[in-house]
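The next block holds one structure in the form of structure tokens; read it before the comments.
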Amino acid sequence: EAGVTQSPTHLIKTRGQQATLRCSPISGHTSVYWYQQALGLGLQFLLWYDEGEERNRGNFPPRFSGRQFPNYSSELNVNALELEDSALYLCASRSWEQFFGPGTRLTVL
Amino acid sequence: RKEVEQDPGPFNVPEGATVAFNCTYSNSASQSFFWYRQDCRKEPKLLMSVYSSGNEDGRFTAQLNRASQYISLLIRDSKLSDSATYLCVVNMHFGNEKLTFGTGTRLTIIP
Numbered sequence: 191e192a193g194v195t196q197s198p199t200h201l202i203k204t205r206g207q208q209a210t211l212r213c214s215p216i217s218g219h220t221s222v223y224w225y226q227q228a229l230g231l232g233l234q235f236l237l238w239y240d241e242g243e244e245r246n247r248g249n250f251p252p253r254f255s256g257r258q259f260p261n262y263s264s265e266l267n268v269n270a271l272e273l274e275d276s277a278l279y280l281c282a283s284r285s286w287e288q289f290f291g292p293g294t295r296l297t298v299l
Numbered sequence: 085r086k087e088v089e090q091d092p093g094p095f096n097v098p099e100g101a102t103v104a105f106n107c108t109y110s111n112s113a114s115q116s117f118f119w120y121r122q123d124c125r126k127e128p129k130l131l132m133s134v135y136s137s138g139n140e141d142g143r144f145t146a147q148l149n150r151a152s153q154y155i156s157l158l159i160r161d162s163k164l165s166d167s168a169t170y171l172c173v174v175n176m177h178f179g180n181e182k183l184t185f186g187t188g189t190r191l192t193i194i195p
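Protein sequence lines correspond, in order, to chains A and B. Each number in the working numbering corresponds to the 1-based position in the first sequence with 190 added. Each number in the working numbering corresponds to the 1-based position in the second sequence with 84 added.
Structure (structure tokens):
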């Protein structure tokens, strides 16, 4: 069974640009979670999508947004990138436990 | 006060030793608890769920103390492959899922 997949693996952007990150959950999972892990910090909850709707949101500004598609895959969009947005962005899907994808490492120059 | 607190370590432990980590959480209404491990530059992977009655999986034992609001993880007969960062994770809201992660405890097993 395929796990959670994310693309791209690495993404390099400059300040002010927009980034789009993608995630496909494990087959049969309808919930997708997004987390940010900045260097030296713990995982910070960003967004939770379930059945195509945003269910919960962490303490991040509105320039962090996303959506979930009918096939339960998800996109995370980060607008007006700032240097401190550089981090590993992890997507997870769940049945009981959450299973994580390998992450997208976003670097903002 | 952080919602989930862990000693960041690092813990440097000789191979074969027993090591224990504790984690405290602030919200007494927390519903479910987990330990994840994260290897360097990799994604977190579930190590074990933590139940009120305590649970054991091979060399690993996890316990939950709701009264004191802490979770523990015990690793016996530690192996080199146990070197990783161990993340304490708490689900605050049943039905409104939002896992809250501790910042992790870094463990290095020394040969």
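We put the beta carbon where it would ideally sit given N, CA and C, even for glycine.
Gly-188 (chain B): contacting residues in chain A (beta-carbon distance under 7 Å): Near Gly-188 (chain B) (Cβ distances below 7 Å), the residues of chain A are Gly-232.
Collapsed DSSP secondary structure at Glu-272 (chain A) in the structure displayed: Glu-272 (chain A) falls in the coil class under three-state DSSP.
Inter-residue spacing [alpha-carbon to alpha-carbon] between Leu-157 (chain B) and Asn-106 (chain B): Whole-angstrom Cα-Cα distance: 7 Å.
Tyr-279 (chain A) vs Trp-238 (chain A) beta-carbon contact at 8 Å: Their beta carbons are not under 8 Å apart, which means Tyr-279 (chain A) does not touch Trp-238 (chain A) by this criterion.
Span of the beta strand (DSSP E), counted from its first residue to its last, around Thr-220 (chain A): The continuous stretches of beta strand (DSSP E) do not include Thr-220 (chain A), and DSSP gives it neither H nor E.
CB contact flag (Asp-240 (chain A), Ser-214 (chain A), <8 Å): Note that the C-beta distance between Asp-240 (chain A) and Ser-214 (chain A) is not below 8 Å.
Within chain B, partners of Leu-280 (chain A) - CB distance below 8 Å: The CB of Leu-280 (chain A) comes closer than 8 Å to the CB of Glu-127, Pro-128 in chain B, given here in chain order.
Through-space distance from Ser-217 (chain A) to Leu-296 (chain A), alpha-carbon basis: Taking the straight line joining both Cα atoms gives about 26 Å.
Listed by chain order, chain A residues near Lys-163 (chain B) by CB distance under 7 Å: Chain A residues near Lys-163 (chain B): none, gap ~23 Å exceeds 7 Å.
Neighbourhood of Val-103 (chain B) by C-beta distance below 7 Å, restricted to the same chain and skipping five residues each side: Correct list, in chain order: Phe-95, Val-97, Ile-159, Ser-162, Leu-191.
Sequence-distant residues of its chain with Cβ nearer than 7 Å to Gln-258 (chain A) (five each side left out): Within its own chain, the residues whose Cβ lies closer than 7 Å to the Cβ of Gln-258 (chain A), once the five positions on either side in sequence are excluded, are Val-222, Tyr-239, Gly-242, Ser-264, listed in chain order.
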